[in-house]
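Here is the structure we will look at.
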Amino acid sequence: MAKMANGYCDNLLLATYLSADCTVFFAPAMDLDMYTHPTSSNNISTLTSFGNIELPAGTGELASGLVGKGRMCEPEEILSLVNTHFQKTSHLAGKTILVNAGPTFEKLDPVRFIGNYSSGKMGKSIANELAARGANVKLVLGPANADGLNPSVELFRIESAQEMHETCSRLFVDCNAGILSAAVADYRPATKADQKIKKNDTEFSLELVKTIDVLKSLGDSKKDNQVLVGFALETQNEYDNALTKLKKKNLDFIVLNSMNDKGAGFGKDTNKITVIEKNGKSHSFETKPKSEVAIDIVDILETYL
Ligand code: CTP
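Reading the sequence shown from the start, the letters are residues 12 to 316 in my numbering.
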């Protein structure tokens, strides 16, 4: 603290501190007499006057065996104070945001369906990042694993594209924004057999009909103050195809995943994205864990809210 207060820069931590232009928290920890020494109080005052945030020391047993004030703030409390701080400063605090994720399954008969390999991991990471910034998150999740969600995320389970559409349309009306990452099936079987289809002939043809485009229907109905974000999964002409989708579906920005990128795609824990905004600005990011990709996406969403 003394070094921070006086601008010393003789180790990596202090060099990092001196050049940091972000919020800095500090958690004093020392023996009780040291803690109450006027120099320590002055250092704490100086550090807070610079805009640093004190995580106050607790009272209890100290390393010296004495009992008093000077115990470092407990790690759980540090986490909670830091989270609360950022929730209060986030533009997303109190905003209601719809997220959809996962695949949809389109039933063929009671035991079979048409589906895809989406794991829902990207959408779940986005939901968790929004919740960490204090948003009220409504996650509409297809048939994918729902583990690892922030307990404050409100979960709606659906199976088919039609159910995805009905639930998202109903919820979006009261939302400030929507991020639609689900891999919704584009086609479903024209009919669903009530009984298991038997194998009779050597060939079997399926008639498929188009499902509703959930994202486009929200884009068509969205109010001026609602922000809508979509995804685009492309294997060729990535940028142009994503831009076309952004315009056609009336989005504010679109997150482009290229299936050509290693480390990106269904089931993976990492992703590589390019975000294209409606004003034509684009941002390309490196391959990173989906939890960090979610931070990049939510950072851009914050600029719209
Ligand atoms: N989407 C949707 N409803 C559908 C199909 C897609 O809401 N029936 C949404 C996806 O959630 C995604 C975006 O539309 O946010 C783009 O999905 P993508 O599969 O890349 O493109 P499609 O519009 O389906 O077009 P195509 O398959 O021809 O590339």
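Every residue gets a Cβ at the ideal spot worked out from N, C-alpha and C, and that includes glycine.
Output yes or no for whether 8 Å exceeds the beta carbon distance between residue i and residue j.
| i | j | result |
| --- | --- | --- |
| Val238 | Asn290 | no |
| Val184 | Thr222 | no |
| Cys179 | Asn111 | yes |
| Arg316 | Lys106 | The question names Arg, yet the displayed sequence has Leu at residue 316. In contact: Leu316 and Lys106 (Cβ atoms closer than 8 Å). |
| Glu140 | Val309 | yes |
| Val164 | Ala193 | no |
| Leu166 | Leu182 | no |
| Ser232 | His176 | no |
| Leu191 | Leu226 | yes |
| Glu313 | Ser101 | yes |
| Ala68 | Tyr46 | yes |
| Leu66 | Leu103 | no |
| Gly189 | Leu119 | no |
| Thr298 | Thr281 | yes |
| Ile64 | Thr27 | no |
| Glu117 | Ser171 | yes |
| Gln318 | Arg144 | Limits of the chain in this structure are 12 at one end and 316 at the other, which puts residue 318 out of reach. |
May I ask which residues mark the beginning and end of the beta strand (DSSP E) holding residue i?
| i | result |
| --- | --- |
| Asp44 | Premise fails: Asp44 lies in the alpha helix (DSSP H), Leu43 to Thr47, not in any beta strand (DSSP E). |
| Ala28 | The amino acid occupying residue 28 in the given sequence is Tyr; Ala does not appear at that position. Note, Tyr28: premise wrong, no beta strand (DSSP E); alpha helix (DSSP H) at Leu23 to Ser30. |
| Asp344 | The question about residue 344 has no answer, for the chain in this structure spans 12 to 316. |
| Leu267 | Phe264 to Ser269 |
| Lys149 | Asn147 to Leu152 |
| Thr285 | Ile284 to Glu288 |
| Ser295 | Ser293 to Ser295 |
For the alpha helix (DSSP H) that residue i lies in, which residues bound it at each end?
| i | result |
| --- | --- |
| Ser302 | Lys301 to Tyr315 |
| Lys14 | Ala13 to Asn17 |
| Glu140 | Lys132 to Ala143 |
Count the other CB atoms within 10 Å of the CB of residue i; is the residue buried (16 or more) or exposed (fewer)?
| i | result |
| --- | --- |
| Ser30 | exposed |
| Leu24 | exposed |
| Ile169 | buried |
| Ser51 | buried |
| Phe264 | buried |
| Ser130 | buried |
| Phe36 | exposed |
| Pro39 | buried |
| Glu72 | exposed |
| Ala253 | buried |
| Asp224 | buried |
| Pro162 | exposed |
| Ser295 | exposed |
| Thr115 | buried |
| Ala13 | exposed |
| Ala146 | buried |
| Ser216 | exposed |
| Val78 | exposed |
| Lys283 | buried |
| Ala201 | exposed |
| Ser60 | exposed |
| Lys210 | exposed |
| Ala275 | buried |
| Gly18 | exposed |
| Val240 | buried |
| Lys149 | buried |
| Lys132 | buried |
| Gly230 | buried |
| Gly113 | buried |
| Lys260 | buried |
Does the ligand GTP have a heavy atom nearer than 7 Å to the CB of residue i?
| i | result |
| --- | --- |
| Gly134 | For the ligand GTP, the structure offers nothing, since it holds only the ligand CTP. |
Start-end ranges of the alpha helix (DSSP H) lying completely within the segment 162-238, minimum 4 residues: Counting only runs of 4+ residues, the alpha helix (DSSP H) found wholly inside the segment 162-238 occupies 172-183 and 225-232, in chain order.
Segment contact, 8 Å Cβ cut-off, at least three pairs: the segment 54-63 with the segment 82-91: Put simply, the segment 54-63 does not touch the segment 82-91. Fewer than three CB pairs are less than 8 Å apart.
3-residue-minimum beta strand (DSSP E) runs that sit fully inside the segment 56-126, ordered along the chain: 69-72, 78-82, 107-112, 117-120 and 123-125
Segment contact flag, the segment 302-313 with the segment 128-144, C-beta cutoff 8 Å, min 3 pairs: yes
Segment contact, 8 Å Cβ cut-off, at least three pairs: the segment 267-278 with the segment 236-251: Because the criterion of three Cβ pairs below 8 Å is met, the segment 267-278 and the segment 236-251 touch.
Any 3 or more C-beta pairs closer than 8 Å across the segment 72-82 and the segment 118-128: no
Cβ contact (3+ pairs, closer than 8 Å) linking the segment 198-208 and the segment 147-163: no
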